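207 is the number of the first residue of the sequence shown in the working numbering; add one for each residue after it.
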Amino acid sequence: MKDIVIIGAGGFGREVAWLIEDINKVNKEWNIVGFVDDDEKIQGTEINGYNVVGNVEWLRKQELHVVNAIGDPIVKKKVMERIEYSKNTYPVLIHPSVICSDKVSFGEGSIICPGNIITVNIEIGKHVIINLDCTIGHDTVIGNYTTVLPSVNVSGFVELEECVSVGTGSAIIQGVKIGENTIIGAGSVVVKNLPVNCTAVGAPAKPIKFHE
Ligand SMILES: CC(C)(COP(=O)(O)OP(=O)(O)OC[C@H]1O[C@@H](n2cnc3c(N)ncnc32)[C@H](O)[C@@H]1OP(=O)(O)O)[C@@H](O)C(=O)NCCC(=O)NCCS
């Protein structure tokens, strides 16, 4: 079995530990060494049976398999930049329940949670999270670090640029492009392209604020 650590000991980190346990039920592949977290208060504590074994600075000097379970794309990207020149490697983790064709490419470190359906001719970037129960349609491109939260429906020919966050229960119609760093609120219906660096909500989704 290969040693793996999970960055982030929060709720999603615990869900990723469960995802890995489910992969191991099909094929004994991973030994979960523990969680990595910058919260000094939880160092050495046990969470759902796994220890918090160090912080990101510690991880920089390791040679482990690593999965980043931080949901916020921008925070996730910053953490990956801190360990960019380490000897760690980043496997793709796909839950055994996922329905996916062989016409899908996954970038390193991506996490595909239970219940997803990912169809054909789809490109998924590095350190992407597709949370529970989404559908991703044909010819879609998902940029690095983007997070798709639970129960989102992405139609065909959609482009999500780098560091996009798509809120739970949203729907994105075919052919739409969502700009880098943009946040889509829960339950939104995206029917037109959205610019970079904004928060957009509603049906139809419209920007309500812009950020750096
Ligand atoms: C969109 C979102 C990011 C906004 O967060 P924020 O920047 O802190 O903005 P605020 O909470 O200050 O809300 C700003 C306005 O937008 C409204 N709003 C917030 N989220 C909304 C949503 N999803 N749909 C419609 N309106 C929304 C608020 O009511 C508020 O309106 P007001 O100015 O009339 O009072 C957040 O509400 C959201 O939907 N996040 C997604 C969460 C999610 O999917 N979680 C899943 C975890 S697994």
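All residues carry an ideal CB built from backbone N, CA and C; glycine is no exception. Just so it is clear, the structure is predicted and the values come from calculations on it, not from any experiment.
Exercise. Do three or more CB pairs link the stretch 308-322 to the stretch 335-349 at distances below 8 Å?
Worked result: Between the stretch 308-322 and the stretch 335-349 there are three or more inter-stretch CB-CB distances shorter than 8 Å, so the stretches are counted as touching.
Exercise. Would the beta-carbon of residue 391 be found less than 7 Å away from any heavy atom of ligand 1?
Worked result: Residue 391: yes, Cβ under 7 Å from ligand 1.
Exercise. Does the beta carbon of residue 253 come closer than 8 Å to any beta carbon on chain B?
Worked result: The structure shown contains no chain B, having only a single protein chain.
Exercise. Hey, is residue 337 close to ligand 1, as in C-beta under 7 Å from one of its heavy atoms?
Worked result: Yes; taking the cut-off as 7 Å, the Cβ of residue 337 has a heavy atom of ligand 1 nearer than that.
Exercise. Is the Cβ-Cβ distance between residue 344 and residue 326 less than 8 Å?
Worked result: The answer is yes: Cβ separation under 8 Å.
Exercise. Around the C-beta of residue 275, are 16 or more other C-beta atoms found within 10 angstroms, so that it is buried, or is it exposed?
Worked result: The C-beta of residue 275 has 16 or more other C-beta atoms within 10 Å across all chains shown, which makes the residue buried.
Exercise. Ordered along the chain, which non-local residues of its own chain (more than five positions away) have a Cβ less than 8 Å from that of residue 399?
Worked result: Correct list, in chain order: 382, 383, 384, 385.
For this session: Keeping to the same chain, check which residues put their C-beta closer than 6 Å to that of residue 362; ignore five residues upstream and five downstream.
Result: Setting aside the 5 residues that flank it on each side, residue 362 is surrounded in the same chain by 343, 344, 345, 380, each with a C-beta closer than 6 Å to its C-beta; the list follows chain order.
For this session: Measure the Cβ-Cβ separation of residue 223 and residue 213 and say whether it is below 8 Å.
Result: No, they are not a contact pair.
Exercise. What three-state label does DSSP hand residue 415 in the structure shown?
Worked result: The three-state secondary structure of residue 415, taken from DSSP, is strand.
For this session: Starting from residue 240, follow its DSSP beta bridges and name the residues at the other end.
Result: The partner list for residue 240 (beta bridge, DSSP) reads 211.
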